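Inspection log for the structure reproduced underneath, given as structure tokens.
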């Protein structure tokens, strides 16, 4: 709300105040003409781009962008100049400007772009804010939300999101896709007998075994507790079962928990399924692998069962 002068009329800010606001605000301000030539930069631009305002005046605005984006930016700028919108904001995770610093590093910038009139024609003003730290923080939050804190691999939420897209891709391309559910046999007894610290060590050691068989494009996750899931696109059920059995045999011969001062011999059971009818979805694939895992557990453990199957792979 505007203040009132002694005569009861709204007070007006003179040009000196506006100049002070523009010159001293922490956001970078860049003004360009209709040719894209920089006319003005405030002091904050130096902090963003590591170049003095005086050295930037007279340069094309593309000098502040990575070389790979300069041509497309000129195209977008021309579209904005010719359009009817006088203001545009870019500052979300998916819509921002990448700036190019003097040392070659890059920063993510939120930008409010304004069109106004000048003495010699239209002037375009960009108000720039560094979003690099914010984006890094958001990325870290997303990583934490999608990662199992103990094993360091995908959690169930992340796997479901990633695997649904990959499953749909394989179905559309009519490529094979298979899935394994692993369950460490008797894991509850480890926690009950040796404590959760040893149990956590076992989970981490088993994760390393699984990671050793994962190839590019595979999706590995901790499904919950002592259960793990491995989705293998472009992989036949025979190949998938062979990998599951490799894991089973490795678990059978290794000693677990040594980092915690104990020596445990464990086994693992696994259920394998592969995509069938076109109308199937990821839930169907997981459900059938779970049925196969149940058959492996009730059939004596330490075995791999393919759903539907009657002859498990076991020692």
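Residue numbers (the numbering used here): 18 to 332.
The beta-carbon is built from N, C-alpha and C at its ideal position, and this holds for glycine as well.
This structure is a prediction, so every number in the text was calculated from the model and none was measured.
Evaluate residue 101 with the Cβ neighbour count: other Cβ atoms within 10 Å of its Cβ, from every protein chain shown; 16 or more gives buried, anything less gives exposed. exposed
Residues near residue 296 in its chain [Cβ-Cβ closer than 7 angstroms; skip 5 each side]: none
I'd like to confirm the pairing. Which residues does DSSP put opposite residue 143 in its beta bridges? 47, 130
Less than 8 angstroms between the C-beta atoms of residue 321 and residue 289, yes or no? yes
Secondary structure of residue 307, DSSP reduced to three states: helix
Report the option in 249, 40, 87, 161 whose CA atom is closest to the CA atom of residue 57. 40
Ranges of the beta strand (DSSP E) found wholly within the region 137 to 221, counting only runs of at least 3: 138 to 147, 194 to 201
Is the separation between the beta-carbon of residue 341 and that of residue 49 shorter than 8 angstroms? Residue 341 is absent from the model: the chain starts at 18 and stops at 332.
Residue 323 classed as buried or exposed, judged by whether at least 16 other C-beta atoms fall within 10 angstroms: buried
Can a CB atom of chain C be found closer than 8 angstroms to the CB of residue 179? Absent here is chain C; the protein component of the structure consists of one chain.
Checking 8 angstroms against the spacing of the C-beta atoms, do residue 236 and residue 183 come in under that value? yes
Threshold first: 3 residues or longer. Then list the beta strand (DSSP E) segments lying entirely within the region 57 to 114, N to C. 104 to 107
Give me, in chain order, the residues of the same chain whose beta-carbon lies closer than 8 angstroms to that of residue 115; leave out the 5 immediate sequence neighbours on both sides. 82, 83, 86, 123, 124, 125, 126
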